[in-house]
Amino acid sequence: MEHTGAWILLESLRREGVEILFGYPGGAVIDIYDELPNHPAIRHVLVRHEQGAVHAADGYARASGKVGACLVTSGPGATNTVTGLATAHCDSIPLVVVTGQVPTKLIGNDAFQEVDIVGITRPCTKHNFLVKDVRRLARTIREAFYIARSGRPGPVLVDLPKDVVQAVAEFVWPEEISLRSYNPSYKPHPNQLRKTVELLDNASRPLMLAGGGVVLSNASEPFTELARRLSIPVTATLMGLGAFPATDDLWFGMVGMHGTFAANMGLNSTDVLLCVGGRFDDRVTGKLSAFAPKAKIVHIDIDPTSIRKNVEVQVPLVGDCRLSLEGLLEICAVKCADRDWKAKHAAWVAEMAQWKLEKPLTFHEGKAIKPQQVIRTINELTGGDAIISTEVGQHQMWTAQFYDFLAPRNLLTSGGLGTMGYGFPAAIGAQFAFPDRKVVVIAGDGSLQMNIQELATAVSNRLPIKVVILNNRHLGMVRQWQELFYERRYVSTNMEAQPDFVKLAEAFGAEGYRIEAPDQLRPVLAKALASPATTFVDVRVEREENVYPIVPAGAALDEMLLV
Amino acid sequence: MQRHVISVLVENSPGVLSRVAGLFSGRGFNIHSLNVAPSHEEGVSHMTITTFGDSSIIEQIMKQLHKIVPVLKVVEYEETPAVEREMMFLKVQADGPNRGEILRTVEVFRCKVVDVGHNEMTIEATGNHEKLEAIIALFQRFGIKELARTGSLAMKRSKKQID
């Protein structure tokens, strides 16, 4: 029996496991929307801006580990997805974004709502497709999901001209999928695993660094097991937070520009660094020539291009993080069964602990509410068990520093691209993935305004998302840089003109609270967290608080400015 | 910075050339020449790219090329012995008194005259990169009016011994 392209698309999405489709209709996709009611397995969520759709799908993917899916129209609908795609691309998040396109015979004619979205998104997707023949549609969707979720995951865009959606064809679903030119390798090389164990066995000051790859490959269990069994101190990148429980004695906090003193000093002193699923971003390494100067480096990554891109390594290990860590555990169990690792690394762990004790993450309490205090209170009230989504800026770094992430996939944050406006729509996606879990957005007043229109999406779907605004009426991070590095020349960072967030929430049909004094913090936050409604909490915090430690851009990790 | 020649086998899907070219421009690698045409296998094209860079840049280029979904194979001809040729057309000023010397030069370099006009000649030359550079240098004094080069083509040499 023959089906329309619209039917084939939706049936293919269902077969790929899509339950939630974030989208926004328009002329080029109206046939797909017309078909949607006939596919009850797929729930469509109408966002208020296409960027919100992609971030929501991204938040859904990060929280659940599944592929996020979006549907938008051609032209501006498609270009509005670009920031979301680039965000997901930087952080290796599996998405499939379907864009409408003008009919094939009009492509290239500057038709109404036509853009070359395949050309535009080539550098910010893992791969993209233009489907010109309805008979290729099912296979293309299959390939898109396969590419998005396999190897180093990433976003894939499928551009669908309107006539292809309207055309009919037999539905042929390829059960098996393989691409001749695309075969990601998962299995680590046994020799490299052996070399790694040898290095670790001979190390006196080993350090483990978790990157986002540990979360993406669900490798947090073997990662934690290896660190504990070998008694190795642990740090993480922003994307790796939650890969190792923050309450463990071997945990020393995040590394890098806003990393802890202990983590950065640890990197400075370690003799063997085991980096798992990180890519040595400049925010992590600081000045490259001074990065981990005494260390032999083992780098586990599924993407060969990540290895030796920024940092020279002694043992490159291309493979899946989970399989690699399991391999290391097996070899350790056989070859080093008799080692007393705890005794061997006791002095080193004690040295790290001393750094942590001497220069802990801290802040000075005062009359005004300190933003760090807000994060600590949220941490206590949620028991570290919430899904925390952040926007980008100071509040993001304070969250990374002061919230105790106990499990992977509990932090949704735009790490690589640093997309303001990410956090709120991402939380919407996460709440759809886990309707019963507590989802809290920690936002800055600047970032939140970038996608605040999604409040309508949250309210109309009765999502109990909590948005806690660390409101300093500044673009705080840029203001901080202007203060520290631009001789206090404050330009365009004052945001005093802003909406009344409480009234704004109420205008959308959400709840709004305002907190202006430290003693209101706990009771009002507790009340807001218990509410079944979409809720904004406008916390008026100290206006000129800075994030410390900070390693100035381009400086070495031990050149931190402390509180 | 050393010159490197890279062969890339790609699936002949739409946009594959811009994926490759976009990789070079987007990551700040430079392309000295790029040649692309169908290979002997249906649906597969062979690209030859010449580029400049130190070994770590070439390593990144190779890995990044390989990461492009429709790329099948990437070979760099530093370690691997290869034959390399490039072809060019060269239109030179050829007034009466110069013609003899131009023809002698054409002969020495085993070039061909493919077109003759009132006061210019078009010469076809084939050779490796260095040879073509030498030919261009020699013809410079006659006055080069136009030049078109294909960019290098390369292919791995066959084994000369039986292992």
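So the protein sequences, as listed, match chains Y and B.
Each step along the first sequence adds one to the number in our numbering, with nothing skipped, and position 498 is 511.
Each step along the second sequence adds one to the number in our numbering, with nothing skipped, and position 80 is 1343.
Ideal Cβ placement from N, Cα and C applies to all residues, glycine included.
Nearest-angstrom Cα separation, counted from residue j out to residue i
i: Y:S194; j: B:A1357; result: 50 Å
i: B:L1328; j: Y:P317; result: 11 Å
i: Y:R61; j: Y:L263; result: 44 Å
i: Y:G121; j: Y:L534; result: 57 Å
i: Y:T250; j: Y:A276; result: 10 Å
i: Y:P545; j: Y:P477; result: 5 Å
i: Y:L34; j: Y:K139; result: 20 Å
i: Y:V311; j: Y:L336; result: 15 Å
i: B:E1370; j: Y:P201; result: 57 Å
i: Y:D104; j: B:T1368; result: 59 Å
i: Y:W389; j: Y:L424; result: According to the sequence provided, residue 389 of chain Y is Arg. The question's Trp does not apply to it. The straight-line gap from Cα to Cα measures roughly 15 Å.
i: B:N1275; j: B:G1306; result: 5 Å
i: Y:V554; j: Y:I482; result: 9 Å
Minimum Cβ-Cβ distance from residue i to chain Y less than 8 Å
i: B:V1334; result: yes
i: B:E1302; result: It is worth fixing the name first, because residue 1302 of chain B is Ser in this sequence and not Glu. Taking Cβ atoms only, chain Y never reaches closer than 8 Å to B:S1302, which makes this a no.
i: B:S1318; result: no
i: B:G1289; result: yes
i: B:Q1265; result: no
i: B:E1342; result: no
i: B:S1281; result: yes
i: B:E1305; result: no
i: B:E1339; result: no
i: B:K1330; result: yes
First through last residue of the beta strand (DSSP E) which encompasses residue i
i: Y:W264; result: W264 to M267
i: Y:D316; result: Element bounds for Y:D316: n/a, residue is neither H nor E.
i: Y:C345; result: Here Y:C345 belongs to no beta strand (DSSP E); instead the alpha helix (DSSP H) covers C334 to K348.
i: Y:H62; result: Per DSSP, Y:H62 belongs to no beta strand (DSSP E) and is neither H nor E.
i: B:Q1356; result: A1345 to Q1356
i: B:R1266; result: Q1265 to E1274
i: Y:Q114; result: L108 to Q114
i: B:M1310; result: V1307 to G1316
Residue i (DSSP reduced to helix, strand or coil)
i: Y:V576; result: coil
i: Y:P136; result: helix
i: Y:F521; result: helix
i: Y:Q327; result: coil
i: Y:L287; result: strand
i: B:M1418; result: strand
i: Y:P174; result: strand
i: B:V1337; result: strand
i: Y:Y435; result: coil
i: Y:V144; result: coil
i: Y:D129; result: coil
i: Y:M221; result: strand
i: Y:G72; result: helix
Closest by C-alpha distance to residue i, when choosing among the options
i: Y:V661; options: Y:G332, Y:A420, Y:F549 and Y:L220; result: Any answer about residue 661 of chain Y is impossible in this case: the structure gives chain Y only from 14 up to 576.
i: Y:D513; options: Y:S25, Y:I245, Y:A99 and Y:R486; result: Y:R486
i: Y:R28; options: Y:A66, Y:G434, Y:L254 and Y:A82; result: Y:A82
i: Y:K369; options: Y:R527, Y:G279 and Y:A101; result: Y:G279
i: Y:A439; options: Y:M463, Y:A420 and Y:F418; result: Y:M463
i: Y:Y561; options: Y:K348, Y:T298 and Y:M267; result: Y:M267
i: Y:Q126; options: Y:A41, Y:G225, Y:A303 and Y:H52; result: Y:A41
i: Y:V185; options: Y:D351, Y:H377, Y:R148 and Y:K383; result: Y:R148
C-beta neighbour in chain B for residue i, strict 8 Å
i: Y:H140; result: yes
i: Y:D203; result: The question names Asp, yet the displayed sequence has Pro at residue 203 of chain Y. Answer no: the Cβ-Cβ gap between Y:P203 and chain B never drops below 8 Å.
i: Y:L143; result: yes
i: Y:V452; result: no
i: Y:R321; result: yes
i: Y:G132; result: yes
i: Y:P136; result: yes
i: Y:R152; result: no
i: Y:T248; result: no
i: Y:S194; result: yes
i: Y:I160; result: yes
i: Y:P116; result: no
Endpoints, alpha helix (DSSP H) assigned at residue i
i: B:C1374; result: Per DSSP, B:C1374 belongs to no alpha helix (DSSP H) and is neither H nor E.
i: Y:L98; result: V95 to C103
i: B:V1279; result: V1279 to G1289
i: Y:A91; result: P89 to T92
i: Y:F418; result: Careful: Y:F418 lies outside any alpha helix (DSSP H) and carries neither H nor E.
i: Y:K622; result: No information on residue 622 of chain Y is available, as it lies outside the stretch 14 to 576 that chain Y covers here.
i: Y:S163; result: Careful: Y:S163 lies outside any alpha helix (DSSP H) and carries neither H nor E.
Cβ-heavy atom distance, residue i to the ligand GDP, below 7 Å
i: Y:V550; result: Although the ligand GDP was asked about, the structure shown includes no ligands whatsoever.
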